[in-house]
Amino acid sequence: AVADPDLTHELRALDAAHFLHPFTDHAALAAKGVRVITRAEGIWIWDADGHRILDGMSGLWCVNAGYGRRELAEAAYHQMLTLPFYNTFFQTTTEPPVRLARRLSELAPPVDGRRFTHVFFTSSGSEANDTNVRLVRRYWDLMGQPQRKVIIGRWNAYHGSTVAAASLGGMRAMHEQGDLPIPGVVHIEQPYYWQHRLPGETPEAFGVRAARWLEEKILEVGPDKVAAFIAEPVQGAGGVIIPPATYWPEVQRIVERYGILLISDEVICAFGRLGHWFAYERFGIKPDLVTFAKAVTSGYVPLGGVLVGERVARVLVDGGEFTHGYTYSGHPVACAVALANLDLMQRERLPERVRDDTGPYLAERFATLADHPLVGVAESCGMVAGLILVRDKATLEPFPEDWEVGLLCRQHCFDTGVVMRAVGARMIIAPPLVMTRADIDVMI
Ligand code: PLP
């Protein structure tokens, strides 16, 4: 790639003058100068200064199939010429969303013999989680238990940025700015062993104890008032928080005991990221609703949605009109790209590759980073990984200014050619699933 200083200069000026970035301190950005990304291929991105950088974050946990996949562009092109848009509101449907709904329903393994028979489409993960709030409340109304309104989420979870999705999430800074959460959403602590373990406590014992925080919250709220529990199988934006193996089975026991719905937010974890099409398979959980987005199209066009299990779908479908939807629910172009993306992922066996080959290899190689004097813990799950930057390796004591240290480390990685993300003291990656072992070696 050739450096284009004029382009960088022009775009930086226009960006600073007109573009409001998500989750950005604009004064700090202006001081540093925004980085202009111009193109991408495979696992690499290029900036306008001519640097080639290994994209260790798949864009934003999206580009599982890697960049530059012609068949995804062609699927969009053909669908745009055939039928770029038609609504699905008024007794009409189109081919791509119908085929995609069936495809997803076949890909998602049944739980206890019950399938995910239906899909509600949105354009993003946030809209999908907003849909979940409407959906679970509608379900309990139809079940004759309208008092079941409370949804339990977890601190430091991320479920999106709309008013309802940010409420379900547990990002305190978002709550403070938005006067959130909305009524009827409460939170429990996250299952983060390195933060919440007791002296001498094993990860296994901690996993069970952390799951019981859910039971305590249900009892505090009143079991007959709780509608659902929402959680990411592995927390992504919170810093790749991988729960101990004992956590999810105990959560499953608790949601079954109290009959509450389980929402598995797999916006990051699905589509091969953890070595399975859906992460609930990996952890042996039995969700009623599964949120997806991002990698369903490998991020090439926006698409999200909710997979609805038979238990809820039957009641909704028989229940009269559900007064909810978006103009772009089932957008034909997005769904056509998703179908082409799933074809590609199936043909290249990307989830299996992560499960049997690159995931275990990443685990082995990433763990070696723990030998570094500033790294306390380095852990991974499939193709997500996180390490903790520490001041003291023995006690895992973080730096007091951990956010600044993380950002410095991120900057250093970027400058030396790899995208990592910093979440406080945790440095995280989620590289494209098309990575080879040799690519992993380069990244490490
Ligand atoms: N849920 C999870 C687990 C996410 O990681 C995200 C985004 O990162 C969302 C929901 C929100 O998705 P979107 O940004 O597409 O609205």
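When we follow our numbering, the leftmost residue of the sequence shown carries the number 125, and every step to the right adds one. Beta carbons are placed, not taken as given, at the ideal position from N, Cα and C, and that holds for glycine.
Strictly by DSSP, which residues pair up with residue i?
i: residue 551; result: 511, 546
i: residue 386; result: 353
i: residue 365; result: 359
i: residue 455; result: In the DSSP output, where bridge partners are listed per residue, residue 455 has none listed.
i: residue 245; result: 429
i: residue 276; result: 310, 353
i: residue 516; result: 521
i: residue 191; result: 166
What is the DSSP secondary structure of residue i, counted as helix, strand or coil?
i: residue 206; result: helix
i: residue 450; result: coil
i: residue 128; result: coil
i: residue 282; result: coil
i: residue 506; result: coil
i: residue 500; result: strand
i: residue 235; result: strand
i: residue 343; result: helix
i: residue 269; result: coil
i: residue 321; result: coil
i: residue 295; result: coil
i: residue 424; result: coil
i: residue 330; result: helix
i: residue 211; result: coil
i: residue 558; result: coil
i: residue 316; result: coil
i: residue 224; result: helix
i: residue 302; result: helix
i: residue 230; result: helix
i: residue 445; result: coil
i: residue 541; result: coil
i: residue 564; result: helix
i: residue 536; result: helix
i: residue 145; result: coil
i: residue 218; result: coil
Can you give the beta carbon distance from residue i to residue j, rounded, assuming they're within the 8 Å contact cut?
i: residue 567; j: residue 184; result: Not really, about 17 Å apart at Cβ, beyond 8 Å.
i: residue 569; j: residue 512; result: Since the first residue of the chain shown is 125 and the last is 568, residue 569 is not available in this structure.
i: residue 272; j: residue 350; result: 6 Å
i: residue 199; j: residue 461; result: 5 Å
i: residue 188; j: residue 396; result: 6 Å
i: residue 325; j: residue 369; result: Contact flag wrong, Cβ pair sits at about 15 Å.
i: residue 558; j: residue 474; result: 7 Å
i: residue 85; j: residue 314; result: Only positions 125 to 568 of the chain appear in this structure, which leaves residue 85 out of reach.
i: residue 182; j: residue 554; result: 5 Å
i: residue 483; j: residue 510; result: In fact, because the Cβ distance is near 14 Å, the residues do not count as touching under 8 Å.
i: residue 453; j: residue 217; result: In fact, because the Cβ distance is near 11 Å, the residues do not count as touching under 8 Å.
i: residue 465; j: residue 420; result: 7 Å
Determine whether the Cβ of residue i lies closer than 9 Å to any Cβ atom of chain D.
i: residue 272; result: You won't find chain D in this structure, because it holds only one protein chain.
Starting from the N-terminal side, write out each stretch of the alpha helix (DSSP H) that is 4 residues or longer and does not extend beyond the segment 148-180. List check, alpha helix (DSSP H) in window: 150-156.
Counting only runs that start and end within the segment 371-418, where is the beta strand (DSSP E) found for 3 or more residues in a row? For the segment 371-418, whole beta strand (DSSP E) runs of length 3 or above, ordered along the chain, are 385-389, 413-416.
Runs of alpha helix (DSSP H) wholly within the segment 455-494 (minimum 4 residues, chain order): Runs found: 456-471, 474-477, 483-491.
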